[in-house]
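Engineer:
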Amino acid sequence: MKFGIQINEGPYQHQASDTAYQFTKAALENGHKVYRVFFYHDAVNNATRLAVPPQDDRNITKNWQALAKEYNLDMVVCIAAAQRRGLLDENEAKRQGKDASNIAEGFRISGLGQLIEAGIQSDRLVVFGD
Amino acid sequence: MSEEMMDDEEGVIKKFMYVNRKAPYGSIYALESLEVVLIGAAFDQDVSLAFIDDGVYQLMKGQRTSGIGMKDFSPTYRALEMYDVEKLYVDQDSLAARNLTADDLIVPVEVLSSAEMADLMEDQDVVLSF
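Same order as they appear, the protein sequences are chains A and B. Under the working numbering, the residues of the first sequence are numbered 57 to 186, in order. Under the working numbering, the residues of the second sequence are numbered 8 to 137, in order.
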């Protein structure tokens, strides 16, 4: 089975990002494919490299990064949602005249078309949200 | 998968349903859902929108948002027709629970019972929930 994953909620604030991560990990470990993970709404904050959760807590961003590295996972952050919430890659930071970027390695910023395309290309699009 | 789906990847048409369950203001779900619908229209898929629970408020006539400092984006629903997004379904029970009828809505819709809505959802390839 080829899955597309959409996440709608912010990390730590809501369980959705954790559940999506566990689901994605379990799917990959069981031989399924994940076409893309798409971070929308506050879920774009999964991709910040500046979050510093307490040491005895899970680090959601690092979890995603490790999974992406192991399985060559495509992790896309919605550009419109990201810009609203102050999540920028280096190019966007330059383009918008901002003094810093904050996207973590392994994530890429792109458009909503990537979500639609994931829906088209995947056997199932699974949405994690409220 | 729907029967309309073709083998040729280029020409795949899937049934996409956007499920709107939240009030238009108070959270960003409705607005960002609409943004996906507008971008998604470029992909020439078989699109329908469902309005359930507080999501029915998204279509209410007479939205005046100046008092809360938000842009009234309800006119965009009227523009959906120009994007060939013409299948709008509203849950009957959700309307009734809020003392609303289809006459209170800014666009023509098809009002469905919960059972009919469930059948319609069952028939979709991709359900994006907001």
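Heads up, the beta-carbon is just placed ideally off N, CA and C, and yes, glycines get one too. Bear in mind the structure is a predicted one, so any value in this text is a computation, not a measurement.
1) With a Cβ-Cβ cutoff of 8 Å, do residue 98(B) and residue 66(B) count as a contact?
2) Out of 175(A), 151(A), 153(A) and 140(A), state which residue places its alpha-carbon closest to the alpha-carbon of residue 190(A).
3) Express the C-alpha separation of residue 77(A) and residue 120(A) in angstroms, rounding to a whole number.
4) Find out if the Cβ-Cβ distance for the pair residue 152(A), residue 96(A) is shorter than 8 Å.
5) Residues of chain A with CB closer than 9 Å to the CB of residue 47(B), please, in chain order.
6) Return helix, strand or coil for residue 92(A), following the three-state DSSP convention.
7) Who are the neighbours of residue 136(A) on chain B, taking C-beta pairs under 9 Å?
8) Answer with yes or no whether the minimum CB distance from residue 133(B) to chain A is below 8 Å.
9) Flag residue 94(B) as yes if its beta-carbon sits less than 8 Å from any beta-carbon of chain A, otherwise no.
10) Could you list which residues in chain B have their beta carbon closer than 9 Å to that of residue 66(A), in chain order?
11) Beta-carbon within less than 6 Å of residue 157(A)'s beta-carbon, same chain only, minus the 5 sequence neighbours each way: which residues are those?
12) Within a Cβ cutoff of 8 Å, which residues of the same chain sit near residue 128(B), ignoring the five residues on either side of it in sequence?
13) Using the Cβ count rule (16 or more neighbours within 10 Å means buried), how would you classify residue 14(B)?
14) With a cut-off of 8 Å, does the C-beta of residue 136(B) fall near any C-beta of chain A?
15) Which runs of the alpha helix (DSSP H) at least 4 residues long sit entirely within the stretch 89-150 of chain A? Give them in chain order.
16) Chain A partners of residue 21(B), CB-CB under 8 Å?
17) Using three-state DSSP, classify residue 77(B) as helix, strand or coil.
18) If we count the other Cβ atoms within 10 Å of its Cβ and call it buried at 16 or more, is residue 155(A) buried or exposed?
19) Where does residue 48(B) sit, in a helix, a strand or coil, going by DSSP?
20) Using only the alpha-carbon positions, how far apart do residue 161(A) and residue 111(B) sit?
21) Exposed or buried, residue 89(B), counting other C-beta atoms within 10 Å across all chains shown (16 or more means buried)?
22) Between the stretch 25-42 of chain B and the stretch 65-79 of chain B, do three or more beta carbon pairs fall short of 8 Å?
23) Rank 181(A), 184(A) and 169(A) by C-alpha distance to the C-alpha of residue 51(B) and give the top, closest one.
Structural biologist: Inspection of the coordinates gives the following:
1) In this structure, residue 66(B) does not lie closer than 8 Å to residue 98(B) by Cβ.
2) The structure shown has nothing for residue 190(A), since chain A only spans 57 to 186.
3) Their backbone Cα atoms lie some 7 Å apart in a straight line.
4) In this structure, residue 152(A) lies away from residue 96(A), with their beta-carbon atoms at least 8 Å apart.
5) The contacting residues are 168, 169, 171, 172 and 175.
6) In the three-state reduction of the DSSP assignment, residue 92(A) falls in the strand class, which pools E and B.
7) Those within 9 Å of residue 136(A) in chain B are 39, 42 and 46.
8) The C-beta of residue 133(B) comes closer than 8 Å to at least one C-beta of chain A.
9) It does not; no Cβ of chain A falls within 8 Å.
10) For residue 66(A), no chain B residue has a C-beta closer than 9 Å to its own C-beta; the minimum C-beta separation is roughly 11 Å.
11) So the qualifying residues of the chain are 144, 145, 146 and 149.
12) Closer than 8 Å at Cβ, skipping near neighbours: 24, 26, 57 and 134.
13) Note that residue 14(B) scores 49 on pLDDT, short of 50, meaning its location in the model is unreliable; the coordinates nonetheless yield the value given after this. Exposed is the call here.
14) For residue 136(B), the answer is yes, since a Cβ of chain A falls inside 8 Å of its Cβ.
15) Taking 4 residues as the minimum length, the alpha helix (DSSP H) runs contained wholly in the stretch 89-150 of chain A are 116-127 and 135-140, in order along the chain.
16) At a beta-carbon threshold of 8 Å, the residues of chain A lying near residue 21(B) are 175 and 176, ordered along the chain.
17) Three-state result, residue 77(B): coil.
18) Residue 155(A) is exposed by the Cβ-count criterion.
19) It is helical.
20) Cα to Cα, residue 161(A) sits roughly 48 Å from residue 111(B).
21) Note on residue 89(B): under 16 other CB atoms within 10 angstroms of its CB, so exposed under the neighbour-count rule.
22) Yes: at least three Cβ pairs fall under 8 Å.
23) Residue 169(A) is the option with its Cα nearest to residue 51(B).
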